[in-house]
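In our numbering, the protein residues as written are 2 to 339. Idealized CB from N, CA, C, for every residue including glycine.
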């Protein structure tokens, strides 16, 4: 990873504000999730604008010319259209019109999947440099009264530029999924049912309100149990694939889903107590595919981590899927998101 950039929406939403519509308390939310605040898009901020902003900063923080980028991967579950997909539009916004550009949807593990695909594209000779963007506007499909999701999710975008190096800085990706339990994190209305109902209601007014809003639902306890069993094995497998001993890991950057899950993973893996661990969730919330690059940027900007250190990454979530790598961190960004 040669450079990193991020974008955090302007609006800061506290636990107290969430509790204006949610039957909970700020203290309970923090105790169960580790979250105090989260960022929500507002004004003219959109999934497209924040993805482009993060990509722009990553490009500005990378010592290569823009025309050397051969591909753009947009990791997101929030782009609201299947056609056209988002990456070509974001690439065009960044002055990269014409390059290979595609979306990658793998929930909260999306950035890890995108990073693995980018590294393999470069190793195969399909691109010299790849821009990987994780961007989400989770609040667009959020039910503010749902105790399983409303207090957890936020919006944001993070990006990295991946390129060749004399020494490998991104290990092989260890990834997997559990489709038997995939419905533990799911939309409450699927697209086919939504469109069929919309067609049947033609002529009614207002149709969209009558159909209802598509919202994300999550079975928190079920996901927590899956994570507790699956993720320690995934972390060990990522270390084995990298050839790096756990004693050589200098930074731990897991997906920012839940502070309790992350503490449990660190303990079960046996990482040293003093190893810095990302805790961007406290003031950013769970931003799905954007969370790892956002957390990485926060650690580099604040000095909790330094460019060149060896970090263990693990993304996990919808699918239920996961992806992990051992990486060498990029330099701290010249242009930060906060």
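### Message
Please return the same chain residues whose Cβ sits closer than 6 angstroms to the Cβ of residue 4, not counting the five positions on each side in sequence.
### Response
If you number the chain shown from 1, residue 4 lands on position 3. So the list reads 59, 62, 63, 162, 331, once near-sequence residues are dropped.
### Segment contact flag, the stretch 99 to 109 with the stretch 287 to 298, C-beta cutoff 8 angstroms, min 3 pairs
yes
### Query
Considering only residues of the same chain and omitting the five flanking positions on each side of residue 263, which have a CB-CB separation below 7 angstroms?
Translated into positions along the chain shown, residue 263 becomes position 262. Correct list, in chain order: 255, 278.
#### Entry: Proximity to residue 77 [Cα-Cα], best of 184, 95, 103, 65
The residue given as residue 77 occupies position 76 in the chain shown. The shortest C-alpha separation from residue 77 is found at 103.
#### Entry: Rounded Cβ spacing between residue 160 and residue 133 (contact assumed at less than 8 angstroms)
By one-based count along the chain shown, residue 160 stands at place 159. By one-based count along the chain shown, residue 133 stands at place 132. Indeed they touch by this definition, with Cβ atoms about 6 angstroms apart.
#### Entry: Collapsed DSSP secondary structure at residue 65 in the structure displayed
Looking up residue 65 in the chain shown gives position 64. Residue 65 falls in the coil class under three-state DSSP.
### Message
Please state whether the Cβ-Cβ distance between residue 334 and residue 311 is less than 8 angstroms.
### Response
Residue 334 sits at position 333 when you count from the first residue of the chain shown. Residue 311 sits at position 310 when you count from the first residue of the chain shown. It is not a contact, given that the beta carbons lie outside the stated cut-off.
### Task
Please name the residue, chosen from 232, 258, 274, 272, that lies closest to residue 281 on a Cα-to-Cα basis.
Taking the first residue of the chain shown as position 1, residue 281 is located at position 280. Considering only 232, 258, 274, 272, the residue with the shortest C-alpha distance to residue 281 is 258.
### Message
Going by C-alpha to C-alpha distance, which of 96, 317, 276 sits closest to residue 53?
### Response
Position 52 of the chain shown, counted from the first residue, corresponds to residue 53. Of 96, 317, 276, the residue nearest in Cα terms is 96.
### Query
Can you tell me the Cα-Cα spacing of residue 244 and residue 172, whole angstroms?
The count along the chain shown starts at 1 and reaches residue 244 at position 243. The count along the chain shown starts at 1 and reaches residue 172 at position 171. When rounded, the distance between both Cα atoms is 9 angstroms.
### Query
In chain order, what residues of the same chain have a beta carbon less than 7 angstroms from the beta carbon of residue 284, not counting five sequence neighbours either side?
Counting from 1 along the chain shown, the entry for residue 284 is found at position 283. These residues qualify, in order along the chain: 37, 38.
### When 268, 40, 274 are compared against residue 151, the one with the closest alpha-carbon
Residue mapping note: residue 151 aligns to position 150 of the chain shown, counting from 1. Taking only the C-alpha atoms, the option nearest residue 151 is 40.
### Task
Spell out the partners DSSP gives residue 156 in its beta bridges.
In the chain shown, the residue the question calls residue 156 occupies position 155. Answer is 138, bridged to residue 156.
### Query
CB-CB under 7 angstroms to residue 122, same chain, minus the five flanking residues each way: which ones, in chain order?
If you number the chain shown from 1, residue 122 lands on position 121. Counting only Cβ-Cβ distances below 7 angstroms, and skipping sequence neighbours, we find 72, 128, 131.
### Query
How big is the Cα-Cα spacing for residue 320 and residue 18?
For the purposes of this step, residue 320 is taken as residue 319 along the chain shown, with counting starting at 1. For the purposes of this step, residue 18 is taken as residue 17 along the chain shown, with counting starting at 1. C-alpha separation (whole angstroms): 30 angstroms.
### Query
Looking at C-alpha atoms only, which residue of 306, 294, 325, 304 is the closest neighbour of residue 1?
Any property of residue 1 remains undetermined from this structure, which presents the chain solely from 2 to 339.
### Query
Which parts of the stretch 101 to 139 are runs of the beta strand (DSSP E), unbroken and 3 residues or longer, counting only runs that do not cross its ends?
101 to 105, 130 to 138
### Query
With which residues is residue 182 paired in a DSSP beta bridge?
In the chain shown, the residue the question calls residue 182 occupies position 181. In the DSSP output, where bridge partners are listed per residue, residue 182 has none listed.
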